[in-house]
Each structure stands twice: as structure tokens, then as C-alpha cells.
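S.K.:
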Amino acid sequence: MAKKLELGLDTFGDVSVDASGETLSHAQVLRNLVEEARLADSLGLDYFGIGEHHRVDFAVSAPEVLLAAIAAQTERIHLGTAVTVLSSDDPIRVFQRFATLDAVSNGRAEIILGRGSFTESFPLFGFELSQYEELFEEKLQLFAEVRKQEPITWTGNTRAPLSNQSVYPPIENGLLKTWIGVGGSPESVVRAAHYGFPLMLAIIGGEPHRFAPFVKLYKQALEQFGQPLQPVGVHSPGHVSDTDEQAKDELWPHYRVLLDRIGRERGWPPITRERFEAEAGPEGALFVGSPETVATKIARAAKLLELDRFDLKYANGTMPHENLMHSIELYGSEVAPRVRELLGAEEFVNS
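UniProt numbering applies: residue 1 is where the sequence shown begins, and numbers increase by one.
(1) Please report the distance separating the alpha-carbon of L217 from that of D311.
(2) To the nearest angstrom, report how far apart S20 and V189 are at their CA atoms.
(3) Looking only at C-alpha atoms, which of T318, E172 and L142 sits nearest to S163?
(4) Kindly identify the DSSP beta-bridge partner or partners of Q224.
(5) Identify, in the order they occur along the chain, each residue of the same chain with its Cβ nearer than 7 angstroms to the Cβ of V257, setting aside the five sequence neighbours on each side.
(6) What is the C-beta distance between F95 and V15, in whole angstroms, given that I count them as a contact (C-beta under 8 angstroms)?
(7) In this structure, does DSSP put A315 in helix, strand or coil?
(8) Closer than 8 angstroms by C-beta to W268: which residues in its own chain qualify, once you throw out the five before and the five after it? Chain order, please.
(9) Starting from W252, follow the alpha helix (DSSP H) in both directions and report where the run begins and ends.
(10) Output the distance between the C-alpha atoms of K248 and K148, rounded to the nearest integer angstrom.
(11) Among D41, V335 and E110, which one has its Cα closest to the Cα of I298?
(12) Under 7 angstroms between C-beta atoms, does A37 make it to chain C?
(13) Which residues in the same chain as E277 place their Cβ atom closer than 8 angstroms to its Cβ, once the five residues preceding and following it in sequence are excluded?
(14) Using 10 angstroms around the beta-carbon of E322, count the other beta-carbons present and answer buried if the total reaches 16, otherwise exposed.
(15) Roughly how many angstroms separate the alpha carbons of M1 and T293, rounded to a whole number?
(16) Look at the alpha carbon of R93 and the alpha carbon of A37, and state the distance between them as a whole number of angstroms.
(17) Using only the heavy atoms of the ligand FAD, determine whether one of them is closer than 6 angstroms to the beta carbon of G206.
(18) Taking the beta carbon of Y255 as the centre, do at least 16 other beta carbons fall within 10 Å, making it buried, or is it exposed?
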């Protein structure tokens with residue numbers, strides 16, 4: 001693979017426990033996130049993404065504020081979201097916040113826009129779930145216009161119209177890098193291509209190779225819409241430790257708490273260790289194990305899906321900060337160089 005694969009980290013700011021099992025405050029989790037991002041930057045990783053949520057088990061509801069704090073303490077890592085729930089926000093204010101982040105970070109801001117897999121923000125901010133599709137489509141259309149940094153005239157059903165209005169501050173150099181996060185809907189893939197935005201695939205369960213048709217569809221749609229080729233990325237959960245068994249044993253109890261809590265809300269059965277082991281295996285969506293195991297799995301997914309970026313969702317449930325820091329350390333110092341070594345090896349590329 002000639003192109004360089006970018007390697008990043010994502011987190012939702014999961015509310016975690018300390019070494020004694022006591023639940024940390026939301027404030028402490030936020031402070032820990034800044035430390036985790038500083039470590040990622042020092043290791044030379046490419047991206048640090050923070051998801052937006054409005055519920056008790058995730059600490060981050062205002063990612064741009066946290067990202068600005070991180071920008072002040074880092075030098076080169078790109079900073080963005082995973083994802084911004086555009087449907088329940090205002091596209092102009094979203095752009096302004098990220099333009100501000102781009103300025104204070106000297107051009108390191110990115111944004112991943114999505115509809116979100118949780119719906120708490122809709123009643124919180126006064127939006128109707130019955131307008132779920134319309135809200136995202138209209139607001140994405142408006143965001144795409146704002147991103148051009150030209151005077152806007154726009155009319156829709158979900159907010160007040162605009163007439164020849166400009167939005168400030170502008171991006172200092174070029175355009176704000178804007179991805180569309182997609183969980184597995186062909187319509188969302190085509191929508192990303194329509195606007196000419198890079199595609200970020202959230203692969204959180206099942207076999208990554210199932211997403212190869214979405215990558216093919218995206219590239220075909222880009223061509224049909226007359227858009228230039230755009231990057232494709234993947235966001236997947238995982239955890240790195242010294243050995244495969246240690247990584248799985250560290251992750252399992254916290255991952256189980258996370259999945260079972262969400263499962264109770266959505267009517268899913270409790271996760272079993274057997275299913276966890278399958279997802280952690282060579283064909284599953286959990287990138288968990290020793291540095292060599294995780295690197296091999298990332299490299300194979302990158303080759304199969306022709307990826308430009310892979311983001312490891314390194315925080316999954318209540319895992320302590322110290323374990324997360326060790327995972328980040330191994331990901332940056334051992335996994336990342338090994339992935340690039342594998343992708344550059346002729347026998348791997350041709351396998």
C-alpha cells in the first residue's frame with residue numbers, strides 16, 4: 001500500500017472506575033482525557049477524536065471545549081469528534097466552534113458528523129424524533145453550505161432561513177476537514193459521496209470484511225456525483241495490553257458492563273464471554289490483544305477496505321485510566337510502527 005495509513009484514537013469519555021473500583025466523577029474523567037490526549041500526541045499518533053453524548057455513563061457533552069483544552073497542551077495531533085450529533089445542533093454554531101478550534105490549534109481541527117446512535121440530545125434540545133431523518137438531511141445540507149465560507153442564502157423546514165449571510169470566523173487555511181460517520185446504511189454512504197465528504201465507517205460488531213461493499217459503493221457514488229476521490233476511515237473498539245489474554249481479561253468486565261447497560265435499553269440479550277471471544281478473534285470487530293495481534297488485525301482491515309485512517313476506540317466501559325494509558329502507550333509505540341511495517345511488506349500486501 002503506497003499511501004500512508006493514519007492511525008488515531010477515539011473515546012466517548014466513558015465514566016470509569018479507579019484502581020479500587022470506585023466510580024470517578026465526570027470532572028475527573030474529563031481531566032484524565034486531557035492526559036490521554038497528551039500521551040497520544042507525544043507518541044506521534046495522527047488523530048484524537050471525542051464523541052458527544054448526553055447521558056450519565058459518558059462524560060463529554062461539549063467536545064469542542066475539551067478539544068480546545070487539549071489543543072493548548074499538544075503540538076501536532078489532529079483533533080476532532082467521534083461524532084458530532086448534527087441533527088440536534090445548529091450547523092452554523094457547530095461550524096463556528098470548530099473554526100475557533102482550528103484557529104487555536106493552528107489548523108488541526110477536524111469534524112465527523114453523524115446522526116448519533118443515542119437519542120438523548122433530541123428531547124434535551126427540543127427536537128422531535130419523528131424528524132430524525134429530515135433534521136440530519138437539512139442540517140447537513142446547510143453545514144455543507146457554511147463550510148464553503150461564502151455568503152449563504154438558504155431555506156428549510158427545521159430552522160430560520162438565511163439571506164446572503166456570512167459566518168465567522170473563517171477557517172484560516174483551506175476548508176474544515178469534514179467526515180460523515182456511517183454505521184452501516186447504504187443511504188448514508190451515498191449521502192457522504194453526494195457532498196464529497198470523507199467516509200468514516202463505525203465497525204463495532206461482526207466481521208470488518210462485510211463493509212467492503214460500502215467502500216465500493218462510496219467510490220462508485222463519488223464518481224457518479226463528479227466528486228474527487230476521498231479518504232475512507234474505520235472506527236472500531238479495542239484494547240492493547242502486553243499479551244492477548246491480558247488484554248482480553250482487562251477489557252472483558254468493563255466491556256460487559258457497557259454492552260449489557262446499552263442492551264437493557266435496546267432489548268438486546270446479555271453479552272456472553274463466548275461472543276466476546278469471537279469478536280476479539282481474527283474475524284471480529286474488537287481489536288483487542290497484544291501489540292502484534294492488534295497490528296496484524298488493523299493492517300488486514302486496512303488492506304481489505306483500502307483505508308486511509310484507522311481509529312481505535314480505546315475506551316470501552318468502566319476501565320481504569322491507568323489501563324487506558326498503557327493501551328495508548330502500546331498503540332503508539334508498538335502497534336502503529338508495526339502496522340506500517342506490515343503494510344509495507346510485499347508478502348503481506350500480496351497475501
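From the three backbone atoms N, C-alpha and C, an ideal C-beta is built for every residue, glycine too.
M.R.: Well, looking at it:
(1) 21 angstroms
(2) 44 angstroms
(3) L142
(4) Its beta-bridge partners do not exist; DSSP assigns none.
(5) G317 and T318
(6) Rounded, the Cβ-Cβ distance is 29 angstroms, inconsistent with contact.
(7) coil
(8) L259 and I262
(9) D244 to R266
(10) 45 angstroms
(11) V335
(12) Of the protein chains in this structure there is only one, and it is not chain C.
(13) K248
(14) exposed
(15) Caution is warranted here: a pLDDT of 39 is assigned to M1, below 50, making its placement in the model unreliable, and the coordinate value is therefore given only provisionally. When rounded, the distance between both Cα atoms is 20 angstroms.
(16) 25 angstroms
(17) Absence of the ligand FAD is noted for the structure shown, with no ligands found whatsoever.
(18) buried
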